[in-house]
Each structure stands twice: as C-alpha cells, then as structure tokens.
Amino acid sequence: MKNNLLSNRRFLSFYLSRTSANVADSIYMMVLLYFIQSTTESVSYTSFTYSAITATAMFSFLVGPLVDRYSPSKLVTISLLIQAVIIFSVPLLIGKEQSYLILILVLVFLASCFSLLFYPANNKMIPMLLPSKEGIVKANALINSTDQVINILGYLVGASVIIGIGMKNTFFLASGLLLLSGLIYLKMSRSLNPPTVASEEEQAQEPGSYLRELMEGFAFVNRNLFLKIMLPFYALINFLLAILIITIPSLAVDAGSPIYYSLIYIAFFIGVLGGSVIINKLPKQGIVIALAWIFMGISLGLFAIMHGIWLKMLAVLLMGLSTGVINVLQTSLIQIITPTNLLGRVMSFLTSLSNASLPFGALIGGMLALRFPLETVLLISAILILISGFVLLLIKTIRDFVFTDEDEKENDTESAGSSGETVQV
C-alpha cells in the first residue's frame with residue numbers, strides 16, 4: 029500500500045510535508061505547556077493556554093470558504109510559514125519580565141488561529157492528488173497511521189527532547205520543521221498548475237458573498253442524506269471520548285504511578301494505528317462503520333468493568349482499533365461524496381462540530397463523576413456508543429452505503445448548488 033502511494037512524487041511531497049508539520053505541532057504543544065507550567069507554576073495558566081489553543085478549532089468552519097476559493101497548497105504554505113515565524117519568536121521572549129508572558133500567550137493564540145487553515149486545506153488536497161476512491165482510502169489510512177506513530181513517539185521521547193536540547197532550542201526545532209514543511213508546500217503549489225484551473229484573481233472577482241459561500245457548505249450537508257444522518261454521530265464520538273479522557277488521570281492515580289497515564293494513551297494510539305492499517309482489508313461500506321461503533325462500545329464496557337491496569341490497557345487498545353477504522357472510513361467517505369469545490373467548507377464545518385463536542389463531553393463527564401463512580405460513568409458512555417452502533421446498523425442508508433462511482437460524483441457536483449467556483453492545488 030505505502031509503496032504504491034509513495035511512488036507518486038506529488039503525494040510523497042504532500043505526505044512528507046504534512047508529517048513534518050505534525051511532528052512540529054507535537055513538539056510545540058509539549059514544550060509550550062511545559063514552559064507555561066514551569067514559569068507560572070499554575071495549573072490554571074496551563075489549562076487556560078491549552079483552552080485558548082484548542083478552542084480556536086471550533087471556529088474552523090469560518091475558513092471553509094477560503095479553502096474552497098483559493099489554492100489549498102498556498103493557504104497551507106501561508107499558515108505554516110506564519111506559524112514558524114511566531115513560534116520562532118516565542119523563545120526570544122523567554123526569560124524576560126513576567127509581563128512578556130501575556131505577549132507570549134497572545135502570540136500562541138495567533139499561531140492557533142493560522143493553524144485553522146491547515147487541516148481543511150490538507151483534507152481537500154487528498155482527493156485532488158489521488159482522484160481514485162481506493163487511493164483516497166489508502167492515503168487516509170497511511171496518514172492516520174503516521175499521526176498515531178507521531179503521537180506515540182511524542183509521549184515516549186518528547187520530554188527527552190526538551191531535556192536534551194533545552195526548552196528554547198525545542199521551540200526553534202518546532203519552528204524549523206514548520207518552515208521546512210511550508211517550503212515543501214510552496215514548491216508543490218508552483219509545480220501543480222492544472223490548465224483547467226482559473227486564476228485566483230478570476231475567482232476573487234466572481235460574484236457572491238463570503239456568507240453565501242459559507243451557507244452553501246451547510247446546505248450541502250443538509251441535503252446529503254448520508255451526511256445529515258451521520259452528523260450527530262460525528263459530535264457524539266468526541267463527546268463520549270472526552271468522558272474517557274477525563275477519567276484516565278484518576279485511574280492512573282489509583283494505579284499508584286503516573287506512568288500508567290502514558291501507557292493507557294500509548295495503548296489507545298497503538299490501537300488507532302492498527303485500525304488504520306487493517307482498514308485496507310475491510311469492505312469500504314457503511315456497515316463497517318456501524319460494526320466499528322458496536323465494537324467500540326463493547327471495548328469501553330470491558331474497560332469499565334475490568335480490574336488491573338494491563339487488562340484496561342488491552343481494552344483501550346481494542347477501543348483504539350475501532351476508532352482507527354471509523355476515522356479513516358468516515359473521512360474518506362466525506363472526501364468522496366463531497367464535490368471538490370465544496371470540500372473545504374464541508375470538512376471545516378465537521379471539524380468545528382467535532383471539536384465543539386469535546387469540552388461539552390468533558391463538562392458532562394465531570395458532572396456525572398460527581399454523582400456516580402467512574403465505572404458507572406464509563407458504562408453509561410459504553411451503552412450510548414452501543415446504542416449508536418445499532419442505530420447506524422438499522423438505518424438502511426448507512427448500512428448499504430458504498431462508494432459512489434466517479435460519474436455519480438460528477439452528477440452530485442452539478443446538483444450540489446455549486447457557485448461555479450474553480451479549485452486549485
């Protein structure tokens with residue numbers, strides 16, 4: 029699978045630059061939170077910083093029209109280069125007066141705002157680089173697998189990097205990787221120049237308001253039966269996973285060592301990695317998504333009732349397996365059924381919905397944990413996931429969903445209410 033994809037030079041450049049950016053993001057997040065905590069010695073400041081970074085993702089839908097209006101590779105280049113400059117400036121302010129901490133937080137917030145462009149534009153580029161349905165699924169599986177490897181390595185060696193080269197140099201390292209990634213994307217944007225694509229100046233002169241373009245993405249989701257049915261489930265999965273996330277520190281404390289905190293996360297990421305790999309052996313159908321939900325509910329139920337950290341790690345690994353399958357298939361299906369000139373808006377909207385559900389899940393989970401034992405809270409989540417899986421299984425539209433043919437997708441493009449926009453890579 030990997031060899032076939034990586035023999036495509038354009039996809040190889042895309043893959044390497046995206047991987048470099050994700051490594052940089054992982055390093056940056058870890059060293060930033062460590063810096064804030066060590067400087068302020070306040071969990072509240074660290075929590076506020078993390079919230080400021082993650083909260084911006086809820087507004088991803090606002091950049092959707094930009095992703096569809098302009099070249100996604102150029103937008104990614106701008107996003108990465110500006111982030112590189114901002115992150116490079118952070119260590120230059122470290123060690124200054126305490127008042128500089130506010131300036132650092134402002135810069136961090138600005139960097140997170142520019143990062144909003146990255147993932148919607150990346151998701152749009154995949155079907156443009158690999159128009160075949162099989163290629164899209166394989167690309168998402170490879171990318172998701174790589175992301176999990178980065179997550180695992182981040183937990184294993186992140187602290188060692190900070191200790192080995194120092195906090196300031198770790199910021200510089202993250203900035204350098206973002207710069208490298210941005211330059212690769214810049215080269216891609218120059219080499220990919222389809223003759224059928226209109227210039228950005230022509231696109232900018234087309235009639236229509238930003239708000240109208242934004243509403244076109246919402247309208248497509250509302251008209252597409254598959255997306256409309258699946259919409260609550262996109263939010264629900266993150267909502268319920270947030271409940272799991274807030275219980276893990278307590279389990280680690282009960283186990284008597286913070287190392288178990290990392291081990292549970294690593295087991296989950298390994299599971300997601302495995303799910304991303306086996307997806308190529310499974311049918312690419314809606315019924316697989318429904319069955320993965322059911323398997324996830326069973327795994328979470330086992331996680332709740334099992335005693336012993338190693339049994340819980342096994343259960344959470346199986347849960348990660350289901351998550352990997354769901355992530356790859358749902359992302360691939362959206363990219364396939366959505367017309368390219370609407371893909372940026374649709375993906376941005378779904379990203380906003382998924383990220384908005386995380387804090388609500390954590391809030392509800394925290395409230396439930398005040399009234400019930402953790403095992404009960406987790407069992408409630410497991411039951412909700414199981415019910416969701418069976419609901420998906422009973423809905424014929426989902427159960428019988430298969431990839432559409434290219435000619436069907438072209439028909440969808442004509443009927444999706446497109447504004448006549450053209451797209452670039």
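When you read off a place in the sequence shown, starting at 1, and then add 28, the result is the number in our numbering. Backbone N, C-alpha and C define an ideal beta-carbon position, used for all residues, glycine too.
Count the other CB atoms within 10 Å of the CB of residue i; is the residue buried (16 or more) or exposed (fewer)?
i      : result
THR404 : exposed
LEU40  : exposed
THR425 : exposed
VAL455 : Any answer about residue 455 is impossible in this case: the structure gives the chain only from 29 up to 453.
ARG46  : buried
VAL249 : buried
ILE364 : buried
SER203 : buried
VAL185 : exposed
ALA160 : Strictly speaking, residue 160 in this sequence is Ser, with Ala absent from that position. It counts as exposed.
ASN179 : buried
TYR288 : buried
TYR238 : exposed
ASP175 : buried
PHE25  : Residue 25 lies beyond the range of the chain shown here (29 to 453); nothing can be said about it.
ASN168 : buried
VAL51  : buried
LEU121 : exposed
GLN233 : Since pLDDT at GLN233 reaches only 43, below the 50 mark, its modelled position is unreliable, and no value is offered.
GLY182 : buried
GLY372 : buried
SER66  : exposed
PHE400 : exposed
PRO235 : Confidence is the limiting factor: at PRO235 the pLDDT is only 42, short of 50, which leaves the residue's position unreliable, though a coordinate-based value still follows. Label assigned to PRO235: exposed.
LEU339 : exposed
THR224 : Because the pLDDT at THR224 is just 35, under 50, the model does not fix this residue reliably, and the point stays unresolved.
ILE154 : buried
VAL430 : exposed
ILE193 : exposed
ARG251 : exposed
Please determine, among the options, the residue with the shortest C-alpha to C-alpha distance to residue i.
i      : options                           : result
LEU421 : GLY348, MET375, ILE315 and SER140 : ILE315
THR368 : SER54, MET57, LEU412 and LYS152   : LYS152
LEU402 : ILE411, LEU391, VAL374 and ILE333 : ILE333
SER382 : ASN168, ALA112 and ALA263         : ALA263
ILE298 : LEU345, ILE337, LEU34 and ILE154  : LEU345
ASN36  : LEU239, ALA410, MET156 and LEU138 : MET156
LYS166 : ILE130, GLY182, LEU255 and PRO311 : PRO311
THR44  : ILE354, ILE171, ILE130 and LEU398 : Checking the displayed sequence, the identity of residue 44 turns out to be Leu instead of Thr. That would be ILE171, whose Cα lies nearest to the Cα of LEU44.
ILE257 : GLY245, ILE122 and VAL419         : VAL419
PRO387 : LEU269, LYS102, LYS309 and SER101 : LEU269
PHE142 : VAL113, LEU370, ILE271 and GLY182 : VAL113
PHE323 : ILE337, GLN313, ASN308 and ALA343 : ALA343
PRO93  : LEU370, ASP428 and ILE423         : LEU370
LYS196 : ILE64, PHE296 and ILE423          : ILE64
LEU291 : MET341, LEU412 and LEU391         : MET341
SER327 : LYS309, GLN313, ASN355 and PHE296 : PHE296
Do residue j and residue i come within 9 Å of each other at the CB atom, strictly closer than that value?
i      : j      : result
LEU144 : VAL91  : yes
SER48  : SER209 : yes
PHE267 : GLY394 : no
ILE276 : TYR293 : yes
ILE190 : TYR98  : no
ARG261 : LEU361 : Before going further, note that residue 261 is Phe rather than Arg in the sequence given. No, these two residues do not count as a Cβ contact at 9 Å.
THR84  : PHE137 : yes
VAL95  : ALA149 : yes
TRP321 : LEU214 : no
SER380 : SER88  : yes
LEU33  : GLY163 : yes
ILE81  : MET57  : yes
SER376 : GLY245 : yes
GLY417 : GLY325 : yes
ILE307 : LEU357 : yes
ALA397 : ILE274 : yes
LEU201 : GLN111 : no
THR77  : LEU103 : no
PHE331 : LEU272 : yes
ILE337 : LEU259 : no
SER354 : ILE265 : The identity of residue 354 in the sequence shown is Ile, whereas the question assumes Ser. Their beta carbons are under 9 Å apart, which means ILE354 touches ILE265 by this criterion.
MET216 : ARG427 : no
LEU131 : THR68  : no
For the ligand NAD, is there a heavy atom less than 8 Å away from the beta-carbon of residue i?
i     : result
PRO93 : By its list of ligands, the structure shown contains no ligand whatsoever, and the ligand NAD lies outside what it can speak to.
*Taking 8 Å as the threshold, find out whether the stretch 344-364 comes into contact with the stretch 297-314 through three or more Cβ pairs.*
Under the Cβ criterion (8 Å, minimum of three pairs), the stretch 344-364 counts as touching the stretch 297-314.
*Note down, one range per segment and in chain order, each alpha helix (DSSP H) of at least 4 residues found wholly within the stretch 51-134.*
With a minimum length of 4 residues, the continuous alpha helix (DSSP H) runs that stay inside the stretch 51-134 are 71-83, 92-97 and 100-121.
*Using 8 Å as the Cβ pair cut-off and three pairs as the minimum, do the stretch 404-415 and the stretch 100-119 touch?*
By the Cβ criterion, the stretch 404-415 is not in contact with the stretch 100-119, since fewer than three pairs of Cβ atoms, one from each stretch, lie closer than 8 Å.
*Taking contact to mean at least 3 C-beta pairs separated by less than 8 Å, is the stretch 98-112 in contact with the stretch 200-214?*
Yes: at least three Cβ pairs fall under 8 Å.
*asked:* So within the stretch 190-219, which uninterrupted alpha helix (DSSP H) runs reach at least 4 residues, ignoring any that extend past its ends?
replied: Counting only runs of at least 4 residues, the stretch 190-219 fully encloses the following alpha helix (DSSP H) elements, listed from N- to C-terminal order: 195-219.
*At 4 residues or longer, and completely inside the stretch 286-345: list those alpha helix (DSSP H) runs for me, N to C.*
Unbroken alpha helix (DSSP H) stretches of 4 residues or longer found wholly inside the stretch 286-345: 287-306 and 314-333, given in chain order.
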